[in-house]
Amino acid sequence: MDGLRGDSAHEIRLASNTSAVDTLTEFLAATLARFPTMRIAVVETSSVEVASRVREGGADLGIASLPPTGDALIARELWADPLVVVRGSVFRGDDVAPSFEEVMRGPLIGLPAANPLQTLIDEQARILGVSPAYRVRLPTLNAVYAVASTGAGAAIVPYGTVSRSPTLPAAIHPVAEEWADRRALLITRSAYVPSPAQQEFIDALLRYRDEVDVTEPLGVVIPDSPPERARRG
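Structure (structure tokens):
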């Protein structure tokens, strides 16, 4: 372990938005053992802050849903990251998908109020004049999904959260609003020159991207490029 100390060539500072954290965790669980000398420091924040940290040198890599502006950053597509509505199994087989406004006017299961993804969702509700009422706020997306699937309330979560728990008896519908059609992007500085070890890690992440299942089961339409507004979470 002494060889790990102070070796920046074997360290990656990674800033991620909330909705990518679960998929990133799955990637690390499947991959990190193959990189015994690597140290990964993951910080969860908003997409805007992800880009800022990478641009200012506070992170080596970023995963966000907001395409960066300017020439200082480079974005590479990782995986589809749309938001979906989760309701109890009583709604399974219901072909009528609720609107975002209808969902937000009902009982809800959500993340903590300060969570960047939850902040984005709640801000979009307030634009429609809705003040969301949460029955419970839970610390992780997996917990939110598990409780919402019981029928205790509806939740809005990334599709990646749903795809990792396919056996839960929940009704799933895409969120139709444009801002919910998201893609996870890998962001780096254009001047970033990774060490060989860091490049191997990046290559593994890009290979994993090709293995991630996306949204065909839900009929979610994946746009050619992500809308540029309202993708902070």
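With the numbering used here as the guide, the letters of the sequence shown map in order to residues 537 to 769. C-beta atoms are modelled at their ideal positions from N, C-alpha and C, and glycine is treated no differently.
If we ignore side chains and look at the alpha-carbon of each, how far apart do residue i and residue j end up?
i      : j      : result
Ala720 : Glu585 : 15 Å
Asp617 : Thr573 : 30 Å
Ala633 : Arg641 : 15 Å
Leu619 : Ala706 : 15 Å
Leu540 : Ile548 : Residue confidence for Leu540 is low, a pLDDT of 41 falling below 50, so the modelled location carries little weight and cannot support an answer.
Thr554 : Asn651 : 8 Å
Asp739 : Pro643 : 42 Å
Val683 : Trp615 : 26 Å
In terms of residue numbering, what span does the beta strand (DSSP E) encompassing residue i cover?
i      : result
Val680 : Counting along the chain, Val680 falls outside any beta strand (DSSP E), though it belongs to the alpha helix (DSSP H) covering 677-684.
Glu713 : That residue, Glu713, is in no beta strand (DSSP E); it is neither H nor E in DSSP.
Val632 : Neither: Val632 is in no beta strand (DSSP E) and is coded neither H nor E.
Arg700 : Taken as a continuous stretch (DSSP letters only), Arg700 belongs to no beta strand (DSSP E), as it is neither H nor E.
Per DSSP, what kind of secondary structure is residue i in: helix, strand or coil?
i      : result
Arg589 : helix
Pro694 : strand
Val597 : The amino acid occupying residue 597 in the given sequence is Leu; Val does not appear at that position. It is a strand residue.
Arg719 : strand
Ser555 : helix
Ala649 : coil
Arg641 : coil
Leu674 : coil
Ala669 : strand
Ala688 : coil
Thr724 : strand
Taking the beta carbon of residue i as the centre, do at least 16 other beta carbons fall within 10 Å, making it buried, or is it exposed?
i      : result
Arg743 : exposed
Ala566 : exposed
Arg662 : exposed
Asp746 : exposed
Pro675 : exposed
Val622 : buried
Pro604 : buried
Ala587 : buried
Val693 : buried
Ala551 : buried
Start and end of the alpha helix (DSSP H) containing residue i?
i      : result
Pro732 : 732-745
Does the pairing of the region 571-588 with the region 681-690 give three or more beta-carbon distances under 8 Å?
no
So, does the region 708-716 touch the region 591-601, judging by three or more C-beta pairs under 8 Å?
Segments in contact, no.
For the structure I just gave you, are there three or more beta carbon pairs, one from the region 593-612 and one from the region 719-734, closer than 8 Å?
yes
Counting Cβ pairs closer than 8 Å, one from the region 729-747 and one from the region 648-656, do we hit at least three?
no
Between the region 663-674 and the region 596-603, do at least 3 Cβ pairs fall closer than 8 Å?
Segments in contact, no.
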